[in-house]
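So the sequence shown is numbered by the numbering used here: it starts at 133 and just counts up by one.
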Amino acid sequence: MPYDSIHRVYSWLEDLPLPAFPNPKPVRTVLAARSKRRRTPGDGGDDRYDDHNSDDHGVNHDPRLPSPPLSDSTPIHQMPLETPKKRKTAHVDAPAEPLSSTNQDETPRQPPRQYELPPPPSTASSQDDATSATSGALDASSVRSGNASPSRLLSTLSLQSDGVQVRSMDIEDAQMPDALVSLVNTIDMVALGQQVVPAQLKAEVAALRKTSRSLASFHDFVYQEAARPNPDHDDDDDDDDAPNCADTPPNVTVKYVLDIVGEAKYFFDSNQDEAGWNSLAHTSILRAALGCHRENRLVTVTPCFSATVIPRYRIGRVPGRKVDYVLSIEPANDASDGPAAVAAVTQLRLRLDEESISHTSFLPLSSRPISVSIETKRGGDHEKKAQLQMGVWQAAQWKMLSQQVDAQALAQLAFIPGVVIQGHQWRLVATTYRDHKTTLWTARQFGSTETPLGTFQAIAGLQVLQHWTGEVYWPWYKRNVLKLQGTL
133 MPYDSIHRVY SWLEDLPLPA FPNPKPVRTV LAARSKRRRT PGDGGDDRYD
183 DHNSDDHGVN HDPRLPSPPL SDSTPIHQMP LETPKKRKTA HVDAPAEPLS
233 STNQDETPRQ PPRQYELPPP PSTASSQDDA TSATSGALDA SSVRSGNASP
283 SRLLSTLSLQ SDGVQVRSMD IEDAQMPDAL VSLVNTIDMV ALGQQVVPAQ
333 LKAEVAALRK TSRSLASFHD FVYQEAARPN PDHDDDDDDD DAPNCADTPP
383 NVTVKYVLDI VGEAKYFFDS NQDEAGWNSL AHTSILRAAL GCHRENRLVT
433 VTPCFSATVI PRYRIGRVPG RKVDYVLSIE PANDASDGPA AVAAVTQLRL
483 RLDEESISHT SFLPLSSRPI SVSIETKRGG DHEKKAQLQM GVWQAAQWKM
533 LSQQVDAQAL AQLAFIPGVV IQGHQWRLVA TTYRDHKTTL WTARQFGSTE
583 TPLGTFQAIA GLQVLQHWTG EVYWPWYKRN VLKLQGTL
């Protein structure tokens, strides 16, 4: 309603005469008077208000107020065709302040759905100062809507100075570190089926081959024959690229692997969700590769479905992403530096955000360093989403490490591996870090739960990454992050 109309109403209210009420009568007298005035229908009149409308002094006591004057004299046919808007009213004692001249009668609309973005991370590093200018561009584009596609987000992240770019895992790429090339060559040998089946299972395979056609591909070269060399050494021996697999747990049999293949086939055929794949197929392979008992194991697998990135380590204002599993290190199980490592971890936690040595506040990982991360999808067209989750997650890991060690020490860590599982397929990915930017290298398939041999390949590939964690990542971490003296 325009302001002049509102003002006219208030003026009319102020000019109304105040009614003079008679002295109150006893309730019984009033009821008796009303009873006497009651008439039957059709008596020709209605004096229900006669006793209240006038008194001996001629004062009008009609409680009904006269109608307000018309706000204007505009004919109805010339009035604008607008639908009155419903408004909530409140009691006021004075004329309201003038309304704004814009959008007075518009119904408020719900704003478009947006991410609830966290506040910018507060850090003391110069790196964050350099990247703060890029946060606005990221917010204004792909993070604006919760429906932004992974491809759109990845494209925007690639433009950020502290973002993530995706590159093909091509060993001919000059930007790929030599150490990562060596690991890729080792994984390629796993993908070929070279020495991925424990030698003690050869007799069981021979016995079951008569009734299982899927075991026909188990030729002699698939069996392990000797200890595996370190994939990062520089010898020129022809067997350098053979997988460096840990001992397969004794409970892993051919029958165990056949059961995994059967479960995975059922999950695929029935369109099972990610939780189903994780609980019965993926976890079974992880247990087969890394063992079920943690008492004396340095490297173990930790489920972390609900682990979120600490805001300090996020890329600008991008919401942190999650993964499903990680390979983590149990410092107490270090045969040579166990007590010293535990003490160093405790001291470091006291100085870090959320009292966690990891880039997540997830309690099981607050005192266990993360090495390899594993993201799972049930299959289909989720590749870009998996890349986004792995890229953002490991970018946070690199950012955390860059705040704990100097640039020279960080350069000694050539890469961090990861695994992306899509339904049956197990693929190696890796990230490198240069000038505050993370590069996600993707991908090399090394295993598949579609076949028994492919399942053994998945187990062997995980054991290669377990070996890398214990022989490469953990020594670097002890020397540079925990500052343990005498660590090679």
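The beta-carbon is built from N, C-alpha and C at its ideal position, and this holds for glycine as well.
This one's a predicted model, so the numbers in the text were calculated from it and none came from an experiment.
query, result
"If you draw a straight line from the C-alpha of Gln404 to the C-alpha of Pro471, how long is it?", "44 Å"
"Taking C-beta to C-beta, are His491 and Val441 nearer than 8 Å?", "yes"
"Do Gln326 and Phe353 come within 8 Å of each other at the CB atom, strictly closer than that value?", "yes"
"Please name the residue in Gln356, Phe400, Leu597 and Ser416 whose C-alpha comes closest to that of Lys334.", "Gln356"
"Measure the CB-CB distance between Thr563 and Gln519 and report whether it falls below 8 Å.", "no"
"Put Glu304 into one of helix, strand or coil per three-state DSSP.", "coil"
"If you check the beta carbons only, do Arg419 and Glu462 fall under 8 Å apart?", "no"
"Taking three-plus beta-carbon pairs below 8 Å as touching, is the stretch 453-462 in contact with the stretch 476-484?", "no"
"Measuring straight from C-alpha to C-alpha, what distance separates His556 and Leu412?", "13 Å"
"Write down every uninterrupted run of the beta strand (DSSP E) in the stretch 385-456 whose length is 3 residues or greater and which is fully enclosed by it, in chain order.", "431-435"
"In angstroms with no decimal places, state the Cα-to-Cα distance between Gly408 and Val384.", "21 Å"
"Can you list, in chain order, the residues of its chain whose CB lies under 6 Å from that of Gly579, leaving out five sequence neighbours each side?", "Trp558, Gly586, Gln589, Ala590 and Gly593"
"Quick check on the DSSP output: the beta strand (DSSP E) that includes Gly470 runs from which residue to which?", "Taken as a continuous stretch (DSSP letters only), Gly470 belongs to no beta strand (DSSP E), being part of the alpha helix (DSSP H) at Gly470 to Arg481."
"Pick out whichever of Gln540, Ala464 and Val393 has its Cα sitting closest to the Cα of Glu427.", "Ala464"
"Find the nearest neighbour of Val296 within the set Val316, Ala473, Gly394 and Asp567, judged by alpha-carbon distance.", "Asp567"
"Name the residue from Leu495, Arg341 and Lys509 whose alpha carbon lies nearest to the alpha carbon of Ser438.", "Leu495"
"Cβ of Ser503 within 8 Å of Cβ of Leu542?", "no"
"Which same chain residues, not among the five before or five after Glu406, have their C-beta less than 7 Å away from its C-beta?", "Thr508, Lys509 and Arg510"
"Smallest Cα separation from Thr571: which of Leu312, Ala280, Ser281 and Arg284?", "Leu312"
"Going along the chain, which residues of its own chain have a beta-carbon closer than 8 Å to the beta-carbon of Ser300, five neighbours each way excluded?", "Trp573 and Thr574"
"Out of curiosity, what's the CA-to-CA distance linking Val322 and Val328?", "7 Å"
"State the beta-bridge partners of Pro549 as determined by DSSP.", "Ala562"
"Would a C-beta distance cut-off of 8 Å place Gly618 and Val431 closer than the cut-off?", "no"
"Here's the rule: buried if 16 or more other CB atoms are within 10 angstroms of the residue's CB, otherwise exposed. What is Lys387?", "exposed"
"Taking 8 Å as the limit between beta carbons, can you name the residues of its chain near Thr583, skipping five residues before and five after?", "Ser346, Ser349 and Val393"
"Tell me whether the beta-carbon of Val316 lies closer than 8 Å to the beta-carbon of Gly523.", "no"
"For Tyr355, which beta-bridge partners are listed by DSSP?", "Val329"
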